[in-house]
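A.B. asks: I have a structure here, written as structure tokens, and I will follow up with some questions on it.
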Amino acid sequence: MKNTETSDFKYIGNILLNWYKKNARDLPFRQTKDPYKIWICEIVFQQTRINQGLNHYNNFIKRFPDVKTLAEAAEDEVLLHWKGLGYYSRAINIHKAAKQIMADYHGSFPSEYGEILKLKGVGKYTAAAVSSICFNGKMPAVDGNFYRVLSRFFADGFDISNSKAFSYFSELAALILPEKVGDFNQAMMDLGSEICKPKNPLCGECPLHENCLAFSLQKMSSFPVKTKKVKAENLQLTYYFVHRNGQFLIQQRKDDFIWKKLFEFLPEISVELEPFVRNAKTINHKLTHKNLSIEIFDVDVTSASVWKALIGTKKYIISDFENFHEKSFPKPLENYIQNSLKD
DNA sequence: AAGCCGGGGAG
DNA sequence: CTCCCAGGCTT
């Protein structure tokens with residue numbers, strides 16, 4: 070930030086606000102300032118594209134229209150409404166935060182940035198977004214869009230994979246921050262999503278292109294700089310799909326590692342069940358940090374007495390083909406159940 | 001400060 | 001195939 074300190078860039082923020090008035094996306098959470106809804110939408114769309122999360126957001130708000138309803142719901146049902154979205158700690162934390170708001174704020178959503186920041190699953194970005202959009206807060210909601218737009222505008226090569234990137238780009242954002250911070254934050258999101266896209270940005274339609282340094286240098290694809298590459302490691306999982314007469318056995322995962330608190334098939338079976346093992350199927354599934362190879366053994370328990378004894382232990386949860394969608398399974402397991410239905 | 005957590009769509 | 005998305009938590 071060498072050559073930017075002496076210049077006044079406030080007009081940039083106002084250009085963005087004017088652009089936003091005419092080009093704001095028509096999204097369901099744009100028609101409200103209810104901090105509950107804005108909070109939910111901010112969590113849903115963390116690391117998630119609008120088109121991917123829109124149905125989840127709408128279904129979530131329909132089932133849990135306010136903090137109290139969410140706080141009083143069972144965790145499994147919150148997870149169910151998060152099914153397929155990924156990053157499941159968000160669902161667990163969103164439920165804990167709702168309880169927090171009931172206990173610590175009498176069910177009234179906190180209005181101060183510092184208080185919002187105390188909620189589980191709420192970091193500096195989300196606290197800034199909610200406080201600015203709903204309570205006239207003045208903090209920039211620095212996210213991936215800010216990184217991209219600002220690094221291009223200033224042709225700034227600061228590495229966004231550096232852990233100091235957030236504070237660095239917060240200072241850059243402060244240079245152009247107008248009075249109406251809430252609209253400004255949303256304007257940056259829309260510009261980054263619709264115009265200043267990661268690849269093939271639409272600079273001809275950008276309200277900032279006359280002053281954008283990356284554009285003047287025709288180096289848009291050089292920004293932002295990101296040095297750290299994510300590498301996925303291989304991981305083998307084994308499951309036994311133990312079933313009889315349209316019912317099958319599942320258990321719930323812990324809240325560590327992948328797929329926190331989602332349901333899964335049995336990772337192992339006792340020797341009495343081994344005679345019923347039929348065939349195995351291997352599913353390859355890619356996560357951001359893992360390449361999964363999931364081997365699933367089909368175990369058709371053809372003996373009524375063995376099945377009855379199995380159920381009697383009460384160690385497992387019984388699910389069935391009729392309503393398996395009432396529990397939250399990892400995507401590859403849900404697909405496996407779906408395919409089993411066709412057989 | 002670095003590593004980890006999903007799933008999907010774009011190119 | 002690679003990249004990255006309205007990030008945050010844990011260690």
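Residue numbers (the working numbering): 70 to 412.
For glycine and all other residues, C-beta sits at the position ideal for the given N, C-alpha and C.
What does a CB cutoff of less than 6 Å around Thr-195 pick up in its chain, not counting 5 residues either side in sequence?
C.D. replies: Taking the first sequence and counting its residues from 1, the one referred to as residue 195 is at position 126. Glu-111.
A.B. asks: Quick one: which unbroken beta strand (DSSP E) runs of 3-plus residues sit fully inside the stretch 85-112? Chain order, please.
C.D. replies: Segments of the beta strand (DSSP E) lying fully in the stretch 85-112: there are none.
A.B. asks: Using DSSP bridges, identify the partner residues of Lys-359.
C.D. replies: Looking up residue 359 in the first sequence gives position 290. Note: Lys-359 sits in a beta bridge opposite Glu-302.
A.B. asks: Could you give the residue range of the alpha helix (DSSP H) that holds Gln-255?
C.D. replies: As a position in the first sequence, residue 255 is number 186, starting the count at 1. It spans 250-259 - the alpha helix (DSSP H) in which Gln-255 sits, taken as one unbroken run.
A.B. asks: Report yes or no: do three or more beta-carbon pairs, one from the stretch 293-313 and one from the stretch 353-366, lie closer than 8 Å?
C.D. replies: Segments in contact, yes.
A.B. asks: Is Arg-221 near Ala-283, with beta carbons less than 8 Å apart?
C.D. replies: The residue you call residue 221 lines up with position 152 of the first sequence. The residue you call residue 283 lines up with position 214 of the first sequence. Yes, they are a contact pair.
A.B. asks: Under 6 Å Cβ to Cβ from Glu-457, same chain only, skipping five residues before and after it: list those, please.
C.D. replies: No information on residue 457 is available, as it lies outside the stretch 70 to 412 that the chain covers here.
A.B. asks: What is the C-beta distance between Gln-255 and Ile-338, in whole angstroms, given that I count them as a contact (C-beta under 8 Å)?
C.D. replies: In the first sequence, the residue the question calls residue 255 occupies position 186. In the first sequence, the residue the question calls residue 338 occupies position 269. About 52 Å; that fails the 8 Å criterion.
A.B. asks: Pull up the distance between the alpha-carbon of His-312 and that of Leu-331, whole angstroms please.
C.D. replies: Walking along the first sequence from the start, residue 312 turns up at place 243. Walking along the first sequence from the start, residue 331 turns up at place 262. For His-312 and Leu-331, the distance between alpha carbons rounds to 19 Å.
A.B. asks: Whose C-beta lies closer than 6 Å to the C-beta of Asp-228 among residues of the same chain, with five residues either side of it excluded?
C.D. replies: In the first sequence, residue 228 corresponds to position 159, counting from 1. Within the same chain, Asp-228 has close Cβ partners Val-294, Thr-296.
A.B. asks: Kindly indicate which three-state DSSP category Lys-384 falls into: helix, strand or coil?
C.D. replies: The residue given as residue 384 occupies position 315 in the first sequence. Note: Lys-384 maps to coil in three-state DSSP.
A.B. asks: In the DSSP output, what is Lys-350 paired with across the bridge?
C.D. replies: Position 281 of the first sequence, counted from the start, is the residue given in the question as residue 350. Bridge partners of Lys-350: Ile-365.
A.B. asks: Under 7 Å Cβ to Cβ from Arg-132, same chain only, skipping five residues before and after it: list those, please.
C.D. replies: Walking along the first sequence from the start, residue 132 turns up at place 63. Correct list, in chain order: His-150.
A.B. asks: Is Ala-160 helix, strand or coil when you go by DSSP?
C.D. replies: The count along the first sequence starts at 1 and reaches residue 160 at position 91. Looking at Ala-160 - three-state DSSP - the assignment turns out to be helix.
A.B. asks: Do the CB positions of Val-370 and Leu-356 come within less than 8 Å of each other?
C.D. replies: Counting from one through the first sequence, the residue named residue 370 turns up at place 301. Counting from one through the first sequence, the residue named residue 356 turns up at place 287. No, they are not a contact pair.
A.B. asks: Measuring only the C-alpha atoms, how far is Tyr-237 from Lys-329?
C.D. replies: The sequence position of residue 237 within the first sequence is 168, counting from 1. The sequence position of residue 329 within the first sequence is 260, counting from 1. C-alpha separation (whole angstroms): 32 Å.
A.B. asks: Helix, strand or coil for Asp-77, going by three-state DSSP, please let me know.
C.D. replies: Within the first sequence, numbered from 1, the residue matching residue 77 stands at position 8. Of the three classes helix, strand and coil, the one that applies to Asp-77 here is coil, per DSSP.
A.B. asks: Just to confirm, are Ala-140 and Lys-168 a CB contact at a threshold of 8 Å?
C.D. replies: For the purposes of this step, residue 140 is taken as residue 71 along the first sequence, with counting starting at 1. For the purposes of this step, residue 168 is taken as residue 99 along the first sequence, with counting starting at 1. Cβ atoms of Ala-140 and Lys-168: closer than 8 Å.
A.B. asks: By the 10 Å Cβ neighbour count, where 16 or more other Cβ atoms means buried, how is Leu-260 classified, buried or exposed?
C.D. replies: The sequence position of residue 260 within the first sequence is 191, counting from 1. Its Cβ being crowded by 16 or more others within 10 Å, Leu-260 is buried.
A.B. asks: Closest to Val-368 by CA distance: which of His-278, Cys-281, Leu-123, Val-340 is it?
C.D. replies: Here residue 368 refers to the residue found at position 299 when the first sequence is read from its first residue. Nearest of His-278, Cys-281, Leu-123, Val-340 to Val-368, Cα basis: Val-340.
A.B. asks: What distance in whole Å lies between the Cβ atoms of Lys-193 and Phe-223, which are believed to be in contact at a cut-off of 8 Å?
C.D. replies: Numbered from its first residue, the first sequence carries residue 223 at position 154. Numbered from its first residue, the first sequence carries residue 193 at position 124. Rounded, the Cβ-Cβ distance is 21 Å, inconsistent with contact.
A.B. asks: State the Cα-Cα distance for the pair Trp-108 and Ser-158, rounded to the nearest angstrom.
C.D. replies: What you label residue 108 is simply residue 39 of the first sequence in a count that begins at 1. What you label residue 158 is simply residue 89 of the first sequence in a count that begins at 1. Distance between the alpha carbons of Trp-108 and Ser-158 is about 15 Å.
A.B. asks: The alpha helix (DSSP H) spanning Leu-282 covers which residue range?
C.D. replies: For this step, residue 282 is matched to residue 213 along the first sequence. Unbroken alpha helix (DSSP H) run through Leu-282: 282-286.
A.B. asks: Can you tell me which of Ile-163, His-278, Leu-318 puts its alpha carbon nearest to the alpha carbon of Leu-85?
C.D. replies: Indexing the first sequence from 1 puts residue 85 at position 16. When each option's Cα is compared against that of Leu-85, the closest is His-278.
A.B. asks: Nearest to Arg-217 by CA position, among Met-208, Ser-230, Gln-100, is which residue?
C.D. replies: The sequence position of residue 217 within the first sequence is 148, counting from 1. The candidate whose alpha carbon is nearest that of Arg-217 is Ser-230.
A.B. asks: Determine the closest residue to Lys-187 out of Leu-335, Phe-204, Ile-163, with distance taken between C-alpha atoms.
C.D. replies: Residue 187 sits at position 118 when you count from the first residue of the first sequence. Ranking Leu-335, Phe-204, Ile-163 by Cα distance to Lys-187 puts Ile-163 first.
A.B. asks: Measure from the alpha carbon of Tyr-156 to the alpha carbon of each residue in Asn-214, Asp-324, Phe-78, then state which is nearest.
C.D. replies: The residue labelled residue 156 in the question sits at position 87 within the first sequence. For the residues Asn-214, Asp-324, Phe-78, the minimum Cα distance to Tyr-156 belongs to Asp-324.
A.B. asks: Which residues does DSSP list as the beta-bridge partners of Asp-228?
C.D. replies: Here the question's residue 228 lines up with position 159 in the first sequence. According to DSSP, Asp-228 bridges with Val-294.
A.B. asks: Given a threshold of 16 other Cβ atoms within 10 Å of its Cβ, counted over all protein chains shown, does His-125 qualify as buried or as exposed?
C.D. replies: The residue labelled residue 125 in the question sits at position 56 within the first sequence. Label assigned to His-125: buried.
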